[in-house]
Amino acid sequence: MADILLGVNMEFVRHEDKSFEWGVAKAAELGYEYVEPMVHWGRELLSEAGYFHSVSMLDDPLRVSRTCESAGVKVSGLSAHCPLCKPEISVEYLKQAIRFAAECGAPVVNTDEGPKPDWTTEDEDHLLMRYTLTEAVKVAEPRGMEIGLEPHQQYSKSPEGLDRIYGLVDSPVIGINFDTGNSYIGGHDPIAWLEGVKDRLIHLHAKDI
Numbered sequence: 007m008a009d010i011l012l013g014v015n016m017e018f019v020r021h022e023d024k025s026f027e028w029g030v031a032k033a034a035e036l037g038y039e040y041v042e043p044m045v046h047w048g049r050e051l052l053s054e055a056g057y058f059h060s061v062s063m064l065d066d067p068l069r070v071s072r073t074c075e076s077a078g079v080k081v082s083g084l085s086a087h088c089p090l091c092k093p094e095i096s097v098e099y100l101k102q103a104i105r106f107a108a109e110c111g112a113p114v115v116n117t118d119e120g121p122k123p124d125w126t127t128e129d130e131d132h133l134l135m136r137y138t139l140t141e142a143v144k145v146a147e148p149r150g151m152e153i154g155l156e157p158h159q160q161y162s163k164s165p166e167g168l169d170r171i172y173g174l175v176d177s178p179v180i181g182i183n184f185d186t187g188n189s190y191i192g193g194h195d196p197i198a199w200l201e202g203v204k205d206r207l208i209h210l211h212a213k214d215i
């Protein structure tokens, strides 16, 4: 069994209305060894003003690594959740997140299928997700980056649905970012589900729900 390394997703300071740097310092103060930053496209007013923790992928990735190093914490992964069913959004977003993660020292980029278009069928959605993940894998593999698929939306909220998405692209860099809260809310036993994905687990969100 691998060691369990405890960290915290930066959403823990969402309602504090503070900057990324403040949130990392708070995580270190609370005794966490790892953080999972969240990234976004372009510029976002609240983040630029220091009232939100999300980091722009237009920023220097070393902003993340230097902030964490200064606070004495490490990066467990990047929260780069985007709608895999919408490649017009997610292909370039996920590719940029992978490049950003590689430079800031995050070994994993976490995502999910996100909200689906309101006009597509289930089979069409899976074809769209296959396209998005294939493009992402082409960037992730040569960098040794992993992509964590999270049970989060309409298809991945069941073990069978998550397995189907996982099987869309055959790549050693695709794994599971299991979420105990989302699996429970979806009506499943988190422990039983985790048992079924443990060999593919690369990151985990543990929630007290």
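In this text, residue positions in the sequence shown follow my numbering: the first is 7, and each later residue adds one. Beta carbons are placed, not taken as given, at the ideal position from N, Cα and C, and that holds for glycine. Just so it is clear, the structure is predicted and the values come from calculations on it, not from any experiment.
{"Check": "Residues near Gly192 in its chain [Cβ-Cβ closer than 6 Å; skip 5 each side]", "Outcome": "Lys163"}
{"Check": "Rounded straight-line distance, which links the Cα of Ser25 to that of Gly173", "Outcome": "38 Å"}
{"Check": "Among Ser96, Ala108, Val143 and Ile104, the one whose alpha carbon lies nearest that of Gly120", "Outcome": "Ser96"}
{"Check": "CA-to-CA distance, Phe184 to Pro196, given in whole angstroms", "Outcome": "9 Å"}
{"Check": "Segment contact, 8 Å Cβ cut-off, at least three pairs: the stretch 139-154 with the stretch 52-71", "Outcome": "no"}
{"Check": "The stretch 12-25 contacting the stretch 49-65, beta-carbon criterion three pairs below 8 Å", "Outcome": "yes"}
{"Check": "Presumed contact (8 Å Cβ cut-off) between Val14 and Ala34, rounded CB distance", "Outcome": "The Cβ separation is near 10 Å, so there is no contact."}
{"Check": "First and last residue of the uninterrupted alpha helix (DSSP H) at Cys74", "Outcome": "Leu68 to Ala77"}
{"Check": "Alpha carbon of His194 to alpha carbon of Pro165, nearest angstrom", "Outcome": "9 Å"}
{"Check": "N-terminal and C-terminal residue of the alpha helix (DSSP H) that Thr186 is part of", "Outcome": "Thr186 to Ile191"}
{"Check": "Beta-carbon gap between Met16 and Val45 smaller than 8 Å", "Outcome": "no"}
{"Check": "Residue from Val41, Gly181 and Arg170 with nearest C-alpha to Asp131", "Outcome": "Arg170"}
{"Check": "Per-residue burial, Glu94 [other beta carbons within 10 Å of its own, 16 or more giving buried]", "Outcome": "exposed"}
{"Check": "Assigned exposure category for Gly154 - 16 Cβ within 10 Å defines buried", "Outcome": "buried"}
{"Check": "Environment of Leu11 [buried if 16+ CB atoms lie within 10 Å]", "Outcome": "exposed"}
{"Check": "Residues that DSSP places opposite Asp118 in a beta bridge", "Outcome": "Pro89"}
{"Check": "Close-in-space but distant-in-sequence residues of the same chain around Thr138 (CB under 6 Å, 5 per side omitted)", "Outcome": "Leu90, Pro93, Ser96 and Val97"}
{"Check": "CB of Thr73 within 8 Å of CB of Val30, strictly", "Outcome": "yes"}
{"Check": "Where Asp118 falls, given that 16 or more other Cβ within 10 Å makes a residue buried", "Outcome": "buried"}
{"Check": "Where Ile153 sits in the DSSP three-state scheme", "Outcome": "strand"}
{"Check": "For Lys24, three-class secondary structure by DSSP", "Outcome": "coil"}
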